[in-house]
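Trainee:
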Amino acid sequence: MNRSSKELKRLARENLTGHYSTPMGAFVCASAISLAIELPFSMLQNNTQTTLQTIVFGLAEFLIGLLSSVLIVGQFRVHLSMARKQPYELKQLFYGFKNHPDRIILCSLLVIIFTVLACIPAIAGTIFFLLKQGIPGVIVCAATMIISLILCILLQLMFQQIYFLLLDRQDLSAMGCIKESARLMKGHKGRLFYILLSFLGMDILVLLSLGIGSLWIMPYQSQTYTLFYLDITGQLPEVSASGSAPQQDQPTFNEYV
-16 MNRSSKELKR LARENLTGHY STPMGAFVCA SAISLAIELP FSMLQNNTQT TLQTIVFGLA
44 EFLIGLLSSV LIVGQFRVHL SMARKQPYEL KQLFYGFKNH PDRIILCSLL VIIFTVLACI
104 PAIAGTIFFL LKQGIPGVIV CAATMIISLI LCILLQLMFQ QIYFLLLDRQ DLSAMGCIKE
164 SARLMKGHKG RLFYILLSFL GMDILVLLSL GIGSLWIMPY QSQTYTLFYL DITGQLPEVS
224 ASGSAPQQDQ PTFNEYV
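Positions -16 to 240 (the numbering used here) are the ones given, in order, by the sequence shown.
So this is what it looks like as structure tokens:
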């Protein structure tokens, strides 16, 4: 029997209560590494930059995004270990760099390609609007934007389990992880979409707190998504039956909203 979103979030809070330091540290380190790599390129941006500089910056952003996907896999490695009541530590953040990072990067690249394909209707609608001004152009542009938005949301839901599969299914290729994620999400996309919407208020709090709230909210969301993965793969009952939180890691934050 599938757990409700409320139950998954309750279990996530139980797992994290008193054990925030490692997942929070993994999130902070991953963000800091990506920012440190991106910062030199951002500092070179100005109003008088050449086309070549713009292209180089765009390429750098693209490559940094692929690098970040390897760090994201490491973060979910921490969360999977925590959810399974297994030992976990901060150095698991770099797990992806030691275990076929090419597979992770290729998988992320394929997701980007699929996302770009989903945006084709919006691109076509925008071109139509630029070529043909007026009400017809606005209607076509708006309709194609909505179509692309729906396609992108569906893709996000279908590919949500990719990072976990990259960790658990070493036998699968990059495309195999994408296909398996889509298979696992059959009949579960509505549930996951509801969970994503339930975090909308917290996402707003992150913005209002100038990002500070993400230190607590991002680990909470990641642990909830991890438990969702264990739930749809039939692993959650055995790993959460005891109802006890992991017994390692020193308590740092005792409560979460």
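Every residue gets a Cβ at the ideal spot worked out from N, C-alpha and C, and that includes glycine.
Can you give me the C-alpha to C-alpha distance between Glu21 and Phe211, rounded to a whole angstrom?
Mentor: The residue given as residue 21 occupies position 38 in the sequence shown. The residue given as residue 211 occupies position 228 in the sequence shown. Cα to Cα, the separation comes out at about 32 Å.
Trainee: Have a look at Tyr78 and Val56 and give me their C-alpha separation to the nearest angstrom.
Mentor: Counted from its first residue, the sequence shown places residue 78 at position 95. Counted from its first residue, the sequence shown places residue 56 at position 73. Looking at the two C-alpha atoms, the distance is approximately 8 Å.
Trainee: Looking only at C-alpha atoms, which of Leu132, Cys135, Thr109, Ile133 sits nearest to Val123?
Mentor: On the sequence shown, position 140 is the one that residue 123 refers to. Of Leu132, Cys135, Thr109, Ile133, the residue nearest in Cα terms is Thr109.
Trainee: In this structure, does DSSP put Thr216 in helix, strand or coil?
Mentor: As a first step, residue 216 is located in the sequence shown; it is residue number 233 there, counting from the start. Coil.
Trainee: Within 10 angstroms of its Cβ, does Val121 collect 16 or more other Cβ (buried), or is it exposed?
Mentor: Counting from one through the sequence shown, the residue named residue 121 turns up at place 138. By the neighbour-count rule (16 or more Cβ atoms within 10 Å), Val121 is not buried but exposed.
Trainee: Is the Cβ-Cβ distance between Ala9 and Leu93 less than 8 Å?
Mentor: For the purposes of this step, residue 9 is taken as the residue at position 26 of the sequence shown. For the purposes of this step, residue 93 is taken as the residue at position 110 of the sequence shown. No.
Trainee: Do you know how far the Cα of Ser192 is from the Cα of Gly159?
Mentor: For this step, residue 159 is matched to residue 176 along the sequence shown. For this step, residue 192 is matched to residue 209 along the sequence shown. Taking the straight line joining both Cα atoms gives about 39 Å.
Trainee: Secondary structure at Gly120, three-state DSSP: helix, strand or coil?
Mentor: Within the sequence shown, numbered from 1, the residue matching residue 120 stands at position 137. Gly120 falls in the helix class under three-state DSSP.
Trainee: Just reading off the alpha helix (DSSP H) that Glu44 is part of, what are its end residues?
Mentor: The sequence position of residue 44 within the sequence shown is 61, counting from 1. Residues 34 to 66.
Trainee: Using only the alpha-carbon positions, how far apart do Ala101 and Ala157 sit?
Mentor: Residue mapping note: residue 101 aligns to position 118 of the sequence shown, counting from 1. Residue mapping note: residue 157 aligns to position 174 of the sequence shown, counting from 1. About 19 Å.
Trainee: Give the C-beta separation of Ser(-12) and Arg174 to the nearest angstrom, bearing in mind that I take them to be a contact with Cβ-Cβ under 8 Å.
Mentor: As a first step, residue -12 is located in the sequence shown; it is residue number 5 there, counting from the start. As a first step, residue 174 is located in the sequence shown; it is residue number 191 there, counting from the start. At roughly 7 Å, the Cβ-Cβ gap stays under 8 Å, so Ser(-12) and Arg174 are in contact.
Trainee: Could you check whether the Cβ of Ile187 sits closer than 7 Å to any heavy atom belonging to the ligand FAD?
Mentor: As for the ligand FAD, it is missing from this structure, which has no ligand bound.
Trainee: What's the C-alpha gap between Leu113 and Pro119?
Mentor: Position 130 of the sequence shown, counting from 1, holds the residue named residue 113. Position 136 of the sequence shown, counting from 1, holds the residue named residue 119. Straight-line Cα distance between these residues: approximately 11 Å.
Trainee: Measure the CB-CB distance between Gln206 and Pro6 and report whether it falls below 8 Å.
Mentor: For the purposes of this step, residue 206 is taken as residue 223 along the sequence shown, with counting starting at 1. For the purposes of this step, residue 6 is taken as residue 23 along the sequence shown, with counting starting at 1. Contact: yes.
Trainee: Return the Cβ separation of Ala107 and Met128 in integer angstroms, given the expectation that the two are a contact with Cβ distance under 8 Å.
Mentor: Taking the first residue of the sequence shown as 1, we reach residue 107 at position 124. Taking the first residue of the sequence shown as 1, we reach residue 128 at position 145. The pair is not a contact, with the Cβ atoms about 11 Å apart (cut-off 8 Å).
Trainee: My guess is that Leu11 and Leu198 are in contact by the Cβ rule of under 8 Å, so how many angstroms apart are they, rounded?
Mentor: Along the sequence shown, one-based indexing puts residue 11 at 28. Along the sequence shown, one-based indexing puts residue 198 at 215. Reading off the sequence, residue 11 comes out as Val, not Leu. About 7 Å separates the two Cβ atoms, so the contact holds.
Trainee: Ser25 to Phe97, Cα distance in whole Å?
Mentor: By one-based count along the sequence shown, residue 25 stands at place 42. By one-based count along the sequence shown, residue 97 stands at place 114. Roughly 27 Å separates the two Cα atoms.
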